[in-house]
Amino acid sequence: MKNILISFCFIMFSIGIHGQDLSSNDLSLLKKTPEVSSLYNSALHYVLLYENDMDSLTKALTYIDKAIVINPNISYSYLLKGKILFRIGKKEESLNLLSSLCEKESCTYHTLFLTGMLYEKTGFPQKALRYYDRALDKNTTVLKSTACNLKDFIYNLVIRYFMDGKKMNMDEVKSLLSDHLKTTNDKIIQTEVEKLYKNIDKDNYIKNLWNYNIMEY
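Every letter in the sequence shown is one number past the one before it in this note's numbering, and letter 160, counting from 1, is 160.
Here is the structure:
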C-alpha cells in the first residue's frame, strides 16, 4: 500500500499540475487501479529523463497503451498519449486523439488549451483560437465556483494572453477576480501576475510542453 501511495504521489509531482488535467472521475479511477499508476510512473520516467530521445518516448508510449488496456475509462491516459504522439512526430494522430478527448463532457479546460496550442504549433491558428475560446469559457465557469483559487484565475490570464497577446494591467486583472478572491492581498495578486508575465513567452510555452503547468501553476 505504501508503494502504491508513493507511486501515485510521484505521478502528481512529476506532471507538475497537481491533478489539474485529471477530472474527479479520473482521480477516482486512478486510485482504484494502482497498476495504472505504476505504468504512468514508468512512462513518466522515460518522458522526463529522456524527453528528446525517440526510442525512450516510444517506450513511454507502450506503458500508456498498457494502461489504456487495463482501464480505458481514464481520460488522462489519452491526454498523455496525445502529448507523446506529438513529440515523436505523429502530429495528425495526436491531434485526432486530443480533439476527440475535447468532445467529452469531462474534458478539462487544460486539455482544451493544450489542443489549441498544438493546432497553433502545426499552423492552424483559427482552429487553435476555437479551442482557446472553449478553454476560456470552461475556465470562466470554474472561476464562478467558490472552489476556484488564485492559480485557476492566473490560468485564465494565460488563456487570454494566447488569444489576443494582451498583458493586462492590475486594474484590469482585479476587475476580473471572482467575488471570493477579491479579498486576496493586492501584493500577492501583483506578485503572481508579474511572475506570469515576466516568464510567459508564447513560442517557448508551446515548445516546452512537458513543463505545461503555467510556470508552476
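Ideal Cβ positions, reconstructed from N, Cα and C, are used throughout, including at glycine.
| Check | Outcome |
| --- | --- |
| For the alpha helix (DSSP H) that contains HIS253, what are its first and last residues? | Here the chain covers residues 1 to 217 and nothing more, so residue 253 does not appear. |
| On the three-state DSSP scale, how would you describe ALA135? | helix |
| To which residues of the same chain is LYS202 closer than 7 Å at the C-beta, ignoring the five residues directly before and after it? | PHE162 |
| Between THR33 and the rest of its own chain, which residues show a CB-CB distance below 7 Å, the 5 nearest in sequence each way excluded? | ILE70, ASN71 |
| Looking only at its own chain, which residues have a Cβ that is under 7 Å from the Cβ of PHE230, when we skip the five neighbours before and after it? | Not covered by the structure: residue 230. The range shown for the chain is 1 to 217. |
| From LYS138 to LYS81, what distance separates their C-alpha atoms? | 23 Å |
| Rounded to the nearest angstrom, what separates LEU98 and ALA147 at their Cα positions? | 27 Å |
| My output table needs one value for ASP53: the three-state DSSP class, helix, strand or coil. | coil |
| Can you tell me whether SER106 is buried or exposed, with buried defined as 16 or more other CB within 10 angstroms of its CB? | exposed |
| Considering just the uninterrupted stretch of the alpha helix (DSSP H) at ASP186, what are its terminal residues? | 186 to 199 |
| So VAL47 and LEU57 are supposed to be a Cβ contact under 8 Å. How far apart are they, rounded? | 7 Å |
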